[in-house]
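> Here it is, the structure in full.
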Amino acid sequence: MGAALRRIQLGSALSAFGLGFTVPYLYVYVAQVRDLGAGTAGVVLAVFAMAALAVLPFTGRTIDRRGPLPVLIVASGTAAVGACALGLSDGVTSAVLSAAVLGAGTAVMQPALATMLVRCSSSATRTRAFAMQFFLQNLGLGIGGLVGGQLVDVERPSSFTVLFLVEAAMFVVLGVVAATVRMPRAPSLADTALADGTAPKAGLRVLLSHRAMVQLCVLGFVIFFACYGQFESGLAAYGTEAAGIDPSTLGIALAANTAVIVAAQFVVLRLVERRSRSRVIAWVGLIWAFAWIVAGYAGLGNGSQTMATAAMISTYALFGLGEAMLSPTVAPLVADLAPEAMVGQYNSAFALVKQLALAVGPAVGGPMGAALHGPYIVTFVLFSLGITVLALRLGRQLTPVQDRPSLAAVPSRVVAVSLPDSEPATAPTAVR
Numbered sequence: 000m001g002a003a004l005r006r007i008q009l010g011s012a013l014s015a016f017g018l019g020f021t022v023p024y025l026y027v028y029v030a031q032v033r034d035l036g037a038g039t040a041g042v043v044l045a046v047f048a049m050a051a052l053a054v055l056p057f058t059g060r061t062i063d064r065r066g067p068l069p070v071l072i073v074a075s076g077t078a079a080v081g082a083c084a085l086g087l088s089d090g091v092t093s094a095v096l097s098a099a100v101l102g103a104g105t106a107v108m109q110p111a112l113a114t115m116l117v118r119c120s121s122s123a124t125r126t127r128a129f130a131m132q133f134f135l136q137n138l139g140l141g142i143g144g145l146v147g148g149q150l151v152d153v154e155r156p157s158s159f160t161v162l163f164l165v166e167a168a169m170f171v172v173l174g175v176v177a178a179t180v181r182m183p184r185a186p187s188l189a190d191t192a193l194a195d196g197t198a199p200k201a202g203l204r205v206l207l208s209h210r211a212m213v214q215l216c217v218l219g220f221v222i223f224f225a226c227y228g229q230f231e232s233g234l235a236a237y238g239t240e241a242a243g244i245d246p247s248t249l250g251i252a253l254a255a256n257t258a259v260i261v262a263a264q265f266v267v268l269r270l271v272e273r274r275s276r277s278r279v280i281a282w283v284g285l286i287w288a289f290a291w292i293v294a295g296y297a298g299l300g301n302g303s304q305t306m307a308t309a310a311m312i313s314t315y316a317l318f319g320l321g322e323a324m325l326s327p328t329v330a331p332l333v334a335d336l337a338p339e340a341m342v343g344q345y346n347s348a349f350a351l352v353k354q355l356a357l358a359v360g361p362a363v364g365g366p367m368g369a370a371l372h373g374p375y376i377v378t379f380v381l382f383s384l385g386i387t388v389l390a391l392r393l394g395r396q397l398t399p400v401q402d403r404p405s406l407a408a409v410p411s412r413v414v415a416v417s418l419p420d421s422e423p424a425t426a427p428t429a430v431r
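The end of the sequence shown is residue 431 by numbering that gives the first Met the number 0, with every number in the run present.
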């Protein structure tokens, strides 16, 4: 990696480390530590998600016009203010407003970071750049959660305030590190003028007319709905209600998920980076379908409690394997589909789809996982198989290089021969 890319990855990992301090404890903090009740905690979590939906539609065009670097610096500063305010909030109004600021800031950071990765990488290195980012973010979240868990004390609100101040400090560090990055000049719409001298069209209409990108957004919604949108809602409710596992086991299951990602990321990368992206995603759908079947055995089978617990932990681990396969495929594909002057808008649109799935997923999966155990498993087995079908259909819309970047032509090594003006020029000889 170049110096710019290394700094971006460092800042991204540190911000994830800060998020890990607070994300697992946000509900407990609002509902119990500040004694604002479960209802307020639910509102705070909803506002956190809704803030992202409010700002992301405007983020992409701003990134493409102003550049991802200033957008990231403003977003990290905004997130730092929101984290500080939330750590000091002791009332409903202040908690809700702080969550809105924090949610908006962290949401804008995602497409800004993704666009910076695109600008600082080539099509040949992009797959590994996004895989590295995913690896470091999960590692940062896991370590942050472990360290934060050692600091919190429900009886001492000040211990939670420390967590939010650490999170804010990491956002500030991200902004400072990003400010030192020298970004290559990105092409603008003015630079990509058409043959008749007019600027090419851009905006939502162009994106919606791009069939491959629309199909990728639909696929992305199903991916995030069927996996990430269930981790802390439907699957957790199903595990405790149907499988009867202890709530503390959910922490072990999430740790297993992170451990698989960290351990398998680069092994998986070697296996998938020279293969068809659409087929890799299709395999993820099959792996996740099997994961849901294993979860079904945990809750609906007749095995012992030990077997049910092992099955639920295995379910989370299988999801982690699928995530490790998706990180070097989906995000780089968004970048490769985007026109040069619309990378920010494409990244923001995909981030918006992700947020929609994360908002709808818990609302649908939570009640089903708690009460409709059989239908819940069947529904998400079908959604996982839908990932496979949608991925194969998407493959038909991609060019061979978009689907398999390793097919991109490698510049041939040519020996340049300098000839006298009087001699006829001959074709250069390629070195074999």
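For glycine and all other residues, C-beta sits at the position ideal for the given N, C-alpha and C.
1. Using the three-state DSSP reduction, which class does M182 fall into: helix, strand or coil?
2. Considering only the beta carbon of each residue, do V180 and L68 sit closer than 8 Å?
3. Run through DSSP, which three-state label would A123 get?
4. Tell me which residues share the same chain as L35 and place their Cβ nearer than 7 Å to its Cβ, disregarding the 5 neighbours each side in the sequence.
5. Would you list, in sequence order, the uninterrupted alpha helix (DSSP H) runs of no fewer than 4 residues that lie entirely inside the region 66 to 144?
6. Quick one: Cα of V380 to Cα of G364, how far?
7. Considering Cα atoms alone, identify which of F134, V165 and G373 is closest to T257.
8. Write down every uninterrupted run of the alpha helix (DSSP H) in the region 264 to 349 whose length is 4 residues or greater and which is fully enclosed by it, in chain order.
9. Considering Cα atoms alone, identify which of L249, V221 and Q264 is closest to W287.
10. If we ignore side chains and look at the alpha-carbon of each, how far apart do H372 and P361 end up?
11. In the DSSP assignment, find the alpha helix (DSSP H) that holds E240 and state where it starts and stops.
12. Of all the alpha helix (DSSP H) runs that stay within the bounds of the region 17 to 76, which reach a length of 4 or more residues?
13. Counting Cβ pairs, one atom from each stretch, are 3 or more of them under 8 Å apart for the region 334 to 347 and the region 51 to 68?
14. Exposed or buried, A198, counting other C-beta atoms within 10 Å across all chains shown (16 or more means buried)?
15. Helix, strand or coil for L13 per DSSP?
16. Which class does I244 belong to by DSSP, given the choice of helix, strand or coil?
17. Near V279, which residues of its chain fall below 7 Å by C-beta distance, leaving aside the five closest residues on each side in sequence?
18. Taking one C-beta from the region 392 to 399 and one from the region 251 to 268 each time, how about it: are there three or more such pairs within less than 8 Å?
19. Got a sec, what are the start and stop residues for the alpha helix (DSSP H) G373 sits in?
20. Helix or strand or just coil, what does DSSP make of E154?
21. Could you check if L406 is buried or exposed, using at least 16 other CB atoms within 10 Å of its CB as the buried criterion?
22. So A3 and C119 are in contact, right, with Cβ under 8 Å, and what is the actual spacing, rounded?
By the coordinates alone:
1. coil
2. yes
3. coil
4. V29, V91 and A94
5. 67 to 87 and 91 to 118
6. 13 Å
7. F134
8. 276 to 299, 304 to 325 and 329 to 336
9. V221
10. 15 Å
11. G233 to E240
12. 36 to 65
13. yes
14. Low confidence applies to A198: its pLDDT is 49, below 50, so where it sits in the model is not reliable, and the reading given next is rough at best. Classification of A198: exposed, given that the 10 Å Cβ count is below 16.
15. helix
16. coil
17. V271, M324 and T328
18. no
19. H372 to G394
20. coil
21. exposed
22. 5 Å
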